[in-house]
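Student: Counting along the sequence shown from 1, when you hit position 190 you're at 583 in my numbering, and nothing is skipped either side.
Using N, Cα and C, we set each Cβ at its ideal position, and we do this for glycine too.
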Amino acid sequence: MAIREDQASRWHDSARFYRVYRGSQAVAAFYLDMHARPGKGSGAWMDDARQRWLRPGGRLQLPVAHLVCNFAPPVGDQPALLTHDDVITLFHEFGHGLHHMLTRVDELAVAGIAGVEWDAAELPSQFMENFCWEWDVLKRLTRHVATGQALPRELFDRMHAARNFQNGLRMLRHCEMSIFDMRVHLEADQAARAQALADEVNAEVSLVPAAPFLRYPHTFTHLFDGGYAAGYYGYAWAEVLSADAYSAFEEAGVFDPATGQRWREEVLEVGGSRPAMESFVAFRGREPRLDALLRHQGLA
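1. Keeping to the same chain, check which residues put their C-beta closer than 7 Å to that of Ala-437; ignore five residues upstream and five downstream.
2. Got a sec, what are the start and stop residues for the alpha helix (DSSP H) Phe-573 sits in?
3. Using C-beta distances below 6 Å, list every residue in its chain close to Ala-685, excluding the 5 sequence neighbours before and after it, in chain order.
4. With distances taken from CA atoms, which of Leu-687, His-459, Val-647 is nearest Arg-403?
5. What are the boundary residues of the beta strand (DSSP E) that includes Ile-396?
6. Using 8 Å as the threshold, is the stretch 516-534 in touch with the stretch 618-634, meaning 3 or more CB pairs across them?
7. Between which residues of its own chain and Arg-445 is the CB-CB distance below 7 Å, once the five residues before and five after are set aside?
8. Going by DSSP in three states, Arg-667 sits in which element: helix, strand or coil?
9. Is it the case that the Cβ atoms of Val-509 and Gly-620 are separated by a distance below 8 Å?
10. So, using beta-carbon positions, are Ala-675 and Glu-662 closer together than 8 Å?
11. Report the rounded CA-to-CA distance for Arg-566 versus Met-552, giving the unit in angstroms.
12. For Tyr-628, I'd like the list of residues in its chain whose CB is within less than 7 Å of its CB, leaving aside the five on either flank, ordered along the chain.
13. Taking all protein chains shown into account, decide if Asn-557 is buried (16 or more other Cβ within 10 angstroms of its Cβ) or exposed.
14. Does the Cβ of Ser-571 have 16 or more other Cβ atoms within 10 Å, making it buried, or fewer, making it exposed?
15. Given a cut-off of 8 Å, decide if Ala-422 and Tyr-411 are closer than it, judged by their beta-carbon atoms.
16. Helix, strand or coil for Val-468? Go by DSSP, reduced to three states.
17. Excluding the five sequence neighbours on either side, which residues of its own chain have a C-beta within less than 7 Å of the C-beta of Gln-588, listed in chain order?
18. DSSP state of Phe-606, grouped into three classes?
19. Within the continuous beta strand (DSSP E) that includes Asp-684, where are the two ends?
20. What three-state label does DSSP hand Tyr-411 in the structure shown?
21. Tell me the residue span of the alpha helix (DSSP H) that contains Phe-549.
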């Protein structure tokens, strides 16, 4: 696979356009809009501008993606600099992009990210985040803006040691919000008492009582404006899937070509053409286990 910058109509001069090639054959394209600017929507996301589709008449429409972030832009002669969190965000969104762009499915409804179960949609994105914690990856990617030196190994080790700080509490918080989501959507009349329900779930799950002013249901846009209604648990489930999938690379080697090819063929290329669990089993050789997630988060 190769990625090459190309020319196309753009909505802003800082956006870039790239084509993805398999050998000499173009298979997809994407726009990359990296930097924050006045009037631009906040956050980071991948969206499909066009899906792969074998059109009536036999013409193959290739997928095109938008990869949008809000990193600090260049200032004067100073180039744009990325924090480690920025790199994780970029890898995450590019994981979604790969899922969309590398599909070989020609049916519009199940090509790429289309038709993938909501609780598996975050698998390719969260899977890609793991590479941001690999020394063999970061030493190739990082450069000091003044010296050109790669990230020092000592600093990487300190970052890695701090990675799992309070991970247990973070997981409990995710469980709390996921339980609230399921109950408010599946139990009759709970929507009329959303805050009271949130307080009940907090008392059941959390080690720390919620402050009275913390009224997160009012701004929980993932549920009420983001498509994750009764599906917020999918983020946690995708962490199970992504950690277990990535452990195959840990076993074979982070840059193992055979494992990478199997991941591409059994997960990325098939899109929503079969159940996500079948794709996972085809890649991993078994159903997912919790062990890798607990190990990655320092909980086992």
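Tutor: Per the coordinate set shown:
1. Val-461, Cys-462, Asn-463, Thr-482, Glu-486
2. 560-579
3. Ala-636, Asp-637, Ser-640
4. His-459
5. Unbroken beta strand (DSSP E) run through Ile-396: 395-399.
6. Segments in contact, yes.
7. Gln-454, Leu-455, Pro-456, Thr-496, Val-498, Asp-499, Ala-504, Gly-505
8. coil
9. no
10. no
11. 23 Å
12. Glu-515, His-567
13. exposed
14. buried
15. Against a cut-off of 8 Å, the Cβ pair of Ala-422 and Tyr-411 comes out as a contact.
16. strand
17. Arg-608, Pro-610
18. coil
19. For Asp-684, there is no enclosing beta strand (DSSP E); the enclosing alpha helix (DSSP H) covers residues 684-689.
20. Look at Tyr-411 here: in three-state DSSP terms it is strand.
21. 546-555
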